[in-house]
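Each remark here refers to the structure printed beneath this line.
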Amino acid sequence: VFSADSTSVSTAPQYLWYTPDGGQTWQEQFYVTSNRQFGRSMFFLNGSLGWLVGYSSGLPALYLTTDGGQSWDSTLNFPANSIREVQFVNDSTGWMSIPSVNNGGMLYSSDGGLSWKKQQVNFPAIDFMTKLAMLNDTVGFALTRFAAKVYRYRARPPACGPALLLPADSCLGRLPELRWGRAEGCFEGYYLQVGATPGGQEVLPRTDVGLDTFYQFTQPLPSGAEVHVTVTPYNYSHGAAEGCPSRAVATVDCPVIASVVDTGFCKGGTLAWGDSLFTTAGTQELHYLTPQGCDSLVMLNIAQYEDATTAVDTAACPGQPLLWQGSLLSAPGEYQFDYLTSQGCDSTVIVNFSYWPAYTRQVDTFFCQGEAFYWGDSLLSAPGLYTFHYLTGQGCDSTVKVLLAERGDVYMDTTVALLAGEPYQGVVYESDTLLQHHYPAANGCDSIVRVQLDILSSTAEAGRRAWRCYPNPARSELWLEGPAPLRRVVLFNLNGAAPASYPLSPGAENPAGGGFTRYSLPLPALPPGIYLLRLEGEGKVWIERVAAW
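Count the sequence shown with our numbering and you get residues 667 to 1215, in order.
The following block contains the structure:
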């Protein structure tokens, strides 16, 4: 920023440099330390007075110089945790922006930056100010970071220029007093003139009223005529000085102040606004005068509020009442409650009250003989019907009945006759052997299968054997070997159900030697356990046991 005496300052990430000759040479003035850092903004009002945004020990700081940057003092008293742009319009009045999406706005100082107050700006919730330009102590502009919008800032309404004066009837024929708002900027006083047309002065010629913002008329105002008032601030003797523009302050014509008001009335009612009564919805334009005599426009958006009706479904435990906002509902049904909305209109709430359904459930289960059975934390030691009480998610009673049965283990003994040297499940046994297998039975308890292997020592002994099932236990295929042809084989589980049946036609058998017949039966997918085989021949039936695994 260059000043009138051709001196300049510029910021770099680590140092502040100064030039006394318009940029021909540069000198280091200010540098970064571990406790002192630069920010993003610097502003010089003239060649001596300047401000620099930075940080001191991690906290936002504003550095002030009054000797052109030779020395700097810091200020740490801010009602914000971060600062960005800084600008002053004179040696006392200045602003700084707050770069925060949650706490945006501006800081204002009236003592040259020694103390600051926050001024709230209604930016969007996720936006904040990045650039700040103040034209004077009243008017400025700001650019936001994300929405890239320009906001206009005005500290107070502009002073009225030529304005139509409508004196009250009580003023006619009397000596009324005229008042106006203070003008912007630096000035020495006001010229006041009053005429029948804008800028005219036939009622009151151009009069210097000094710094007063009021004037007492010395003659009555004319009756039945429009009167226009012009107030012009002036500045002639001060000239260019710190905080005072070098040009004369111009009078700003008073703009129409427009306000938008959203309001309404309840259905079937009316809206009273001042001396007006509105019976229908719509937009109305109302014109008034401000205390300064300026036009004021009010846009009245009138809505008709409908009556609100809401249905609420709720419930309680069977036999329990329901408390609804101070009212005790003793039985299920439909209840109506009348309220007022925030606009003062009727609001009806229909409460549909019912009972939660009673919850009762029976669970059939079992335990195996010799084992313990727990239901939750309760040990049930014997078969029977047990009742347990709980609370549902709604806090109502819940009943669970447990029907407990005891199931015994399943035992099966079977005998398999083998010729000497004949293998059983891939193993050759030299002598009689007892094999014991454990499986889960179809009832969920243990199943114990004991297989007695008899090793036959002669063909005569072999001829005495009946049907042989192998392998036993079996999984996918079962072989039957016996002394006579079969017509049908039925597979039963221990509950009496028949998961498989095999009709056998003549010729389905395979010779096994020694006059015996052999059949191959494919097994379905069976739960592990003990099963019965019914072998039906010509006038004869055999029952064999087989284990599936």
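We put the CB at the ideal spot given by N, CA and C, even for glycine.
(message) Only counting the same chain, and skipping five residues up and downstream in sequence, which positions put a Cβ closer than 6 Å to that of residue 1026?
(response) 1065
(request) Starting from residue 776, trace the beta strand (DSSP E) both ways and give me its first and last residue. (result) Where residue 776 is concerned, there is no enclosing beta strand (DSSP E), given that its DSSP letter is neither H nor E.
(request) Evaluate residue 752 with the Cβ neighbour count: other Cβ atoms within 10 Å of its Cβ, from every protein chain shown; 16 or more gives buried, anything less gives exposed. (result) buried
(request) Report all residues from its chain with a CB closer than 6 Å to the CB of residue 944; omit the five preceding and five following residues, and keep chain order. (result) 937, 968
(request) Only counting runs of 3 or more residues, tell me where the beta strand (DSSP E) segments fall wholly within the segment 957-1045, in order along the chain. (result) You should have 961-971, 974-982, 988-990, 993-995, 999-1006, 1012-1021, 1025-1034, 1039-1041.
(request) Determine the DSSP secondary structure at residue 738, reduced to helix, strand or coil. (result) For residue 738, the three-state secondary structure derived from DSSP is coil.
(request) Look up residue 1163 in the DSSP assignment and give the residues it is bridged to. (result) Residue 1163 pairs with nothing; no bridge assigned.
(message) Under DSSP, the beta strand (DSSP E) around residue 784 begins and ends at which residues?
(response) 783-785
(request) Quick one: using the 10 Å Cβ neighbour count with 16 as the cut-off for buried, is residue 896 buried or exposed? (result) buried
(request) Would you decide whether residue 870 is buried or exposed? Buried here means 16 or more other CB atoms lie within 10 Å of its CB. (result) buried
(request) Tell me where the beta strand (DSSP E) around residue 683 begins and ends. (result) 681-685
(request) Would you tell me roughly how many angstroms separate the C-alpha atoms of residue 1148 and residue 1184, rounded to the nearest one? (result) 7 Å
(request) Give me the Cα-Cα distance between residue 1040 and residue 1063, rounded to the nearest whole angstrom. (result) 22 Å
(request) Would you list the one or two residues that DSSP bridges to residue 755? (result) Beta-bridge pairing links residue 755 to no other residue.
(request) Within its chain, find whatever has a CB closer than 8 Å to the CB of residue 1142; leave out the 5 residues flanking it on each side and keep chain order. (result) Same-chain partners within the cutoff: 1188, 1189.
(request) In angstroms with no decimal places, state the Cα-to-Cα distance between residue 724 and residue 718. (result) 16 Å
(request) Would you mind sorting residue 1096 into buried or exposed? The rule is 16 or more other CB atoms within 10 Å of its CB. (result) Classified as exposed, residue 1096 has fewer than 16 neighbouring CB atoms from the shown chains inside 10 Å of its CB.
(request) Enumerate, from N- to C-terminal direction, the unbroken beta strand (DSSP E) stretches of 3 or more residues contained entirely within the segment 1059-1105. (result) 1063-1073, 1076-1085
(message) Taking a contact to mean a Cβ-Cβ separation below 9 Å, would you say residue 1139 touches residue 1022 in this structure?
(response) no
(message) Once DSSP output is grouped into helix, strand and coil, what is the label at residue 789?
(response) coil
(message) By the DSSP assignment, the beta strand (DSSP E) with residue 1176 in it spans what residues?
(response) 1176-1179
(message) For a quick check, are the C-beta atoms of residue 1073 and residue 1035 less than 9 Å apart?
(response) In this structure, residue 1073 sits near residue 1035, with a CB-CB distance shorter than 9 Å.
(message) Distance check for residue 1017 and residue 981, CA to CA, integer angstroms please.
(response) 10 Å
(request) Could you please give me the residues that DSSP links to residue 939 through a beta bridge? (result) Among the bridge pairs identified by DSSP, residue 939 is matched with 942.
(message) Taking 9 Å as the threshold (C-beta atoms), are residue 979 and residue 1020 in contact?
(response) yes
(message) Between residue 876 and residue 855, how many whole angstroms is the CB-CB distance? I'm expecting something under 8 Å.
(response) 5 Å
(message) Buried or exposed for residue 729, going by 16 or more other Cβ atoms inside 10 Å?
(response) buried
(message) Quick check on this structure: which residue in 1053, 1071, 1015 has the alpha carbon closest to the alpha carbon of residue 1037?
(response) 1071
(request) Just mark residue 814 as buried or exposed, buried being the case when its beta carbon has 16 or more other beta carbons within 10 Å. (result) By the neighbour-count rule (16 or more Cβ atoms within 10 Å), residue 814 is not buried but exposed.
(request) Using 10 angstroms around the beta-carbon of residue 731, count the other beta-carbons present and answer buried if the total reaches 16, otherwise exposed. (result) buried
(message) So the candidates are 745, 884, 893; which of them puts its Cα closest to the Cα of residue 863?
(response) Distance from the Cα of residue 863 is smallest, within the candidate group 745, 884, 893, for 893.
(request) Could you check the C-alpha separation between residue 884 and residue 1008 for me, to the nearest Å? (result) 53 Å
(request) Use the C-beta contact count for residue 905: other C-beta atoms within 10 angstroms, 16 or more gives buried, fewer gives exposed. (result) The pLDDT assigned to residue 905 is 38, lower than 50, so where the model puts this residue is not dependable, and the model offers no usable value.
(request) Have a look at residue 1197 and residue 1045 and give me their C-alpha separation to the nearest angstrom. (result) The alpha-carbon atoms of residue 1197 and residue 1045 are separated by roughly 33 Å.
(request) With a threshold of 16 other CB atoms inside 10 Å of the CB of residue 772, please say whether the residue is buried or exposed. (result) It counts as buried.
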